[in-house]
Each structure stands twice: as C-alpha cells, then as structure tokens.
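Taken in sequence, the protein lines are chains R and H. For the first sequence, my numbering begins at 61 and goes up steadily by one. For the second sequence, my numbering begins at -3 and goes up steadily by one. As structure tokens, the structure follows; a few thoughts come after it.
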Amino acid sequence: METPKVFESEYRFCLILWEHEPIKSSELVRLCSEQLGWKPTTTYTVIKRLSERGVLKNENTVVTALVTKDDVQAAEIDELVEKKFEGSLPAFIAAFTKHRRFSQRDIDEMQRMIDRYRRGE
Amino acid sequence: MGDLFVSMVNRSISASWIVLAAILLRRIFRNAPKQITLTFWWIVALRLIIPFSIESAFSLIPSEQSILPDKLYGLGQMVNTGVDVIDRVVSPAVDAALTQRITVGQLASWTDGLAIVWLSGMMLLIIYGLLSYWRLVYRVNTAIKVKDNIYCSEYAKSPFVLGFRQPKIYLPFHLSEKILTHVIAHEQEHIYRSDHQIKASGFLLLSVYWFNPILWLAYVLLCRDIERACDEQVISKLQPEQRAEYAEALLSCSVPRRGVSACPIAFGEQGVKGRIINVLNYHKAGQGLILMAVVACAVVAVAFLTSPQRVTRSKIFNQEGYLITEQKQKDITLSIPKDVLPDSIYTDEGHAFEKNEVIVYQTDTTTIYLERICLSNESDEQLYFCFDCSYDLPETGTILVNTKQNENGSCSFDVRLNSRDLTHSAGVFTSAVTMRGTGPGEKFVFYVSTEACKAATGVMQINMCCNELSYIENK
C-alpha cells in the first residue's frame, strides 16, 4: 500500500503521536501547543487532514497512527531516490558515501544491516 | 464624489513630481544611508494623504490643479499641467477631438463615472491584498515554533515576517546555522523598524491611487529601499568577514519574485543582486554626504509639499502683489436658456443649480452662471434670479466683477441694469426685470416677472452693466 505523503510540520506532529499513541485528542492538543506552538484549532485541523489521508485514525476522540515512523521514512527515501536519483538506489548510496565520512562504528553497523537483509530479516 | 476624485487625481499628479525628483536624488545620493532616502518616500506619502497645502514662493510644482473641472471655455483647456510644451500640444488636440461644447451637467456625470471606476479599482486591490494576506496566514498556521516569535514552516520558501500586532518570523526548515543568524537578525530588524506596517500602509495608499503608474514605481522602489536600509542597519554591526557571509545568506535565500507584493517581507526578494552589491560595498557614509542628503530632503519637502501661490480675487482687490491698471464699465447680455429651467423654480423654495451648470455669460477668465431661482419673498408675481461668478485667474488679465474700486482703495458693489426689458426668442417683455441687489461675494440678483418668465420661449436675455477690471502682477 502506498504510504501517504507527510509534510514537514505534519511529520513533527506525527513524532509526538508515535511517542504517545494511543492518545486522547485533547491531550494531543495540549502537547502540540507545548512542543509545536500550535493553536487547538490548528491541531484539530491537522488531525482531520491526516485522518482523511489515511495517516491516522480518530475514533471516539482517541487518536492512533495508521502508519509507522519507519513507513514514513521509507516513503521519503523512495520519493527522494525517485526524484533526484532517477530511481537508482545505488546512485543514492554512492552520492551519500561520497559526501560523508563514516566512522568505524557506522561501517560496522551498516555491514550488520546488509547481512541481516541478506539473511531475509 | 466626482469632485473628490478630481482632487485626488490632482494630488497624485503633484506626488508624481515628487517621485520623479526622488528617483533622481536617490541616484545622486546612492552612497548616503538609505534611511535618509526613505524620507523621500515619506514626503510622497504626505503629499498623497494631506488634502491641503500651504502656499509658498518656493513651490516647484508647475501647477496646483493639473485637471480643472470647471473650465469649459474650450474643453482642451481642461488640461493645464503648467508645462508649456505639453499644454500647447495637448490642448488643441483635445479641443479638436471634442468639437461639440458639452454643458457642465454632462461633465459632472462624466467625472462621477470615473469616480466609480476609481472606487471599484481601489476595492479590488484592497480585497486582493487582504485575501493574499489571509491565505498566507492560513498556510503557515501549521508552522512549528522554534523560539519566541520564530517559526518554521514548509510553506516558507524564503524567510519572511507576517502579522501586525504580534509579528512573527517564518523560516524554511533546514537552514544552516550561519545563514540562520543573519536571516534572523535581518528579520528582527524589520520588526524593530515596523517595516511590515510601512509596507502595508504603502500598499493601502497605492490602492487608493492605483490609477497613477508612477506611484506603482514608487512603491516598488520603496520596498527595495526598505530592504536596503534594513541590510545596512544589520551590516553596520558586523565585521567585514561576516558581511561576506551575510551576502551569501542573501544569495542562498534568493527567490525570484514578481514586482509587487502587499504582504510579507521575504528575505530573498526585492532586487537581491542590488542588495548583495550594496552589502559588499558597504562603508559608512561621510558626514558631509549625510548633511547634503538631509538638506536635499528638506528642499524637496518645501518645493513639493507647498503649492504655488495662487492668484485670488481678494489679492487682486487688495492689490497684494497685484496692481489694478484699469477699471471700466462694461455692458453685457446674460443669456438664460428657458428649457433648462425646471418647474420647481416657481415655488418658494425654488431650484438651486450646480456651479457652472447654466452659464449665462463667459469670457476666458470669467464665468457668470445662474445660481438659483425661486419666488420672491415679497410677491409671487416676481422671481428671484440669483447669479454668481467663477474665475480662472491668470497672473495678469482682465476679469468681470460686480464691484468697483473706489479712490480710497475700498470697493463697493456695482451692478446695474441697462434695460428693464426681458428679451426672448419670440419677442420682448417690457419692464419685466428689476435690480434687486448684489453680494455676498460675487453674487447679484435680479427680479424677473413670473408671468414673463413663464411665457418666454427659447433664450431669455437681460442687458446689464458691470465692471471690467484689468490687473497686472506686481512682484
């Protein structure tokens, strides 16, 4: 299933949601006001917008997420690779490695990830 | 309504002269602090807002009233910019185009029509401004608060300030640390100087005077100058190396934008190239230059905010700056067309006519018009015909007046009837007219027999005698 698009400010909202879900919408409003500086009307509008997009669901004033953080992050990478690297993941990684220096720990971590992937996890 | 519109057009033309002077001076004083050049725009705004002006001998405005609504003698003379060349070419052209003489009644509705167009244009612009403002406010309501009045939003393509009572700064996400400090410093400076309010007021003024293209240019330049003045303020507190960073910040935030925006002040708009050059070339202006620029401002203010001294009737009569060279009696015939008189004249209240609506006699300087007709207080058998005079006073000339100058310098009313006959197209009514009196001001009144007036057809004529005054400028 296509993961719905989440914009930057909405992403910050989702971070709060993922950390506290399931959560009452009124509580969510309070948290958003504290951490994001949003007015209550804004928070409710965003909840409505995201529920229409299928990112979360709001039942009996309890909000739960329908997509995970991993899903959204993966979708962002897909979009980036598609748009800027003509769909080629190796090209993306190559560009990445060219511009970044990796510590030994980073390399070890990445090696472990590749091994896990190979093993089918 | 039409009159208001005409006076606004005149004011905007005076303001346009200031704008042209400002553009010239801006160029000359381009190395002076932009704060001073901003003053030129304040002068333009003052000229547009204030309806009156003081007269002075130092006024550089060629003509106080570039469009004269009352003048009908040769419609082409409506165009009187005071600039000889323009007048000589345009007036005859307008005259040729309108060979028919239009009565002032028609003229009045013409300026009224224009006034309606003007109002619609103004409303449209104001609505556009409001709508684009609210749309932006709505778009950034999901902005994430970073600190104090600083927010981040994905809709901020380049940094800007929004909001009047509590202005907030909106930044794009993911700006680098270095750029961030400069951008925030710049935007805070804008808030400190109330630039966002100035821009909005400027746009409001522009919507009122939208018909004048020179003012649109002035607005664009105003916005640029605001940005540069702000840059200068921020830069003056930085070290030279930091200035290069500031210029880089400008460059990386630069966003191509259309010329006019009502709303927010975005960091990367408004002539970025010019601003970068300005930033890199910045150095404090010398005292001498600052002084000269301030003086230039003052001169412009006096020259363009005051209006040229006008010839007035009282100045002529009191011989203040004018000398009366000759006065003699002049016989004239007033022509009153019967068919423009409504039936309401035969009542106690009567009918009052618009100024210059029914012209009964005219020279190139003097217009005598019918002011009012009603039944006389004393008897229903007589009608009270009141006439008034309006003038287009040149520096030197000859006018018709209802007074005469006495040897001792005072003046007294003097209008006489040459004949008590009321002539009309089908004949004459003898003893139908009597003298009632003169004053106040340029008015004078005759009594006309009600019966005669009712029976008259075509054009009624009254023979009278008044004074012809010749005067010259005496500076």
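All C-beta atoms in this analysis are idealised placements derived from N, C-alpha and C, irrespective of residue type, glycine included.
Can you look up residue i in the DSSP assignment and give me helix, strand or coil?
i        : result
H:Lys351 : coil
R:Cys74  : helix
H:Val356 : strand
H:Ala177 : Per the sequence presented here, residue 177 of chain H reads as Thr, with Ala not at that position. Three-state result, H:Thr177: helix.
R:Val123 : strand
H:Lys280 : coil
H:Lys164 : strand
H:Leu158 : strand
R:Ser148 : coil
H:Gln378 : strand
H:Val5   : helix
H:Phe48  : coil
R:Ser156 : The sequence given here places Phe at residue 156 of chain R; Ser does not occur at that position. Three-state DSSP puts R:Phe156 in a helix.
H:Glu183 : helix
R:Val66  : coil
Could you tell me the boundaries of the beta strand (DSSP E) in which residue i lies?
i        : result
H:His420 : Leu418 to His420
R:Lys117 : Leu116 to Glu119
H:Thr363 : Thr362 to Leu371
H:Val455 : Val455 to Glu469
Expressed to the nearest angstrom, what Euclidean distance is found between the alpha-carbon atoms of residue i and residue j?
i        : j        : result
H:Glu447 : H:Gly437 : 30 Å
H:Ile9   : H:Met119 : 21 Å
R:Lys65  : R:Gly114 : 10 Å
H:Asn404 : H:Leu115 : 53 Å
H:Leu0   : H:Tyr205 : 12 Å
H:Ile175 : H:Ala243 : 10 Å
H:Leu42  : H:Ile231 : 30 Å
R:Lys158 : R:Lys144 : 16 Å
H:Thr99  : H:Gln229 : Summary for H:Thr99: the model assigns pLDDT 44, below 50, so the residue's position carries little reliability; its value from the coordinates is reported in the next sentence. Those two C-alpha atoms are separated by around 58 Å.
H:Asn145 : H:Ile32  : 29 Å
H:Val256 : H:Ala18  : Confidence in H:Val256 is poor, its pLDDT being 47 and thus under 50, which makes the residue's placement unreliable; the coordinate value appears in the next sentence. The alpha-carbon atoms of H:Val256 and H:Ala18 are separated by roughly 19 Å.
H:Arg239 : H:Val295 : 34 Å
H:Asn398 : H:Ile468 : 19 Å
R:Ile174 : R:Trp78  : 27 Å
H:Thr430 : H:Tyr443 : 5 Å
H:Gln162 : R:Pro82  : 35 Å
R:Ile76  : R:Ser85  : 12 Å
H:Ile14  : H:Cys293 : 11 Å
H:Gln401 : H:Ile328 : 19 Å
H:Val354 : H:Tyr365 : 6 Å
H:Arg135 : H:Ser154 : 14 Å
H:Lys141 : H:Arg7   : 45 Å
H:Thr392 : H:Phe199 : 43 Å
H:Glu223 : H:Ser149 : 22 Å
H:Thr500 : H:Leu465 : A question about residue 500 of chain H goes unanswered here, because the residues of chain H that appear run from -3 up to 471.
Which first and last residues belong to the alpha helix (DSSP H) in which residue i is found?
i        : result
H:Asn274 : Val268 to Leu276
R:Glu112 : Pro100 to Arg113
R:Gln171 : Gln164 to Arg178
H:Cys226 : Pro209 to Ile231
R:Val89  : Ser85 to Gln95
H:Ile45  : Lys30 to Ile45
R:Gln133 : Lys129 to Lys144
H:Phe25  : First-last for H:Phe25: undefined, no H or E at that position.
H:Val204 : Asp191 to Val204
H:Ser55  : Careful: H:Ser55 lies outside any alpha helix (DSSP H) and carries neither H nor E.
H:Cys449 : Thr446 to Ala451
R:Pro82  : Run containing R:Pro82: none; DSSP gives neither H nor E here.
H:Pro236 : Pro236 to Ser248
What does residue i touch in chain H if you count any residue whose Cβ is under 7 Å from its own?
i        : result
R:Thr102 : Asn137 and Thr138
R:Val122 : The contacting residues do not exist; R:Val122 stays about 22 Å from chain H at best.
R:Arg72  : Ile140
Which chain R residues sit within Cβ distance under 9 Å of residue i?
i        : result
H:Ser149 : Glu68 and Ser69
Determine the chain R residues that contact residue i at a beta-carbon separation under 8 Å, and present them in chain order.
i        : result
H:Phe169 : Glu68
H:Lys153 : By Cβ distance, chain R contributes nothing, its closest Cβ being about 13 Å from H:Lys153, past 8 Å.
Taking residue i as the query, report the chain H residues whose CB atoms sit under 8 Å from its CB, ordered along the chain.
i        : result
R:Val106 : Thr138
R:Leu96  : Ile140 and Lys141
Taking residue i as the query, report the chain H residues whose CB atoms sit under 9 Å from its CB, ordered along the chain.
i        : result
R:Arg113 : Residues of chain H passing the Cβ test: none, with the nearest at roughly 14 Å.
Closer than 7 Å: is that where the CB of residue i sits relative to any heavy atom of the ligand FAD?
i        : result
H:Val307 : Among the components modelled here there is no ligand, and therefore nothing to report on the ligand FAD.
* Asked: Which residue spans inside the segment 381 to 443 of chain H form an unbroken beta strand (DSSP E) run of at least 3?
  -> 393 to 397, 399 to 401, 407 to 409, 418 to 420, 423 to 425 and 429 to 434
* Asked: In the segment 104 to 156 of chain H, which residue ranges form an unbroken alpha helix (DSSP H) of at least 4 residues, counting only runs that do not cross its ends?
  -> none
* Asked: What residue ranges within the segment 283 to 355 of chain H form continuous beta strand (DSSP E) runs of no fewer than 3 residues, ordered along the chain?
  -> 318 to 333
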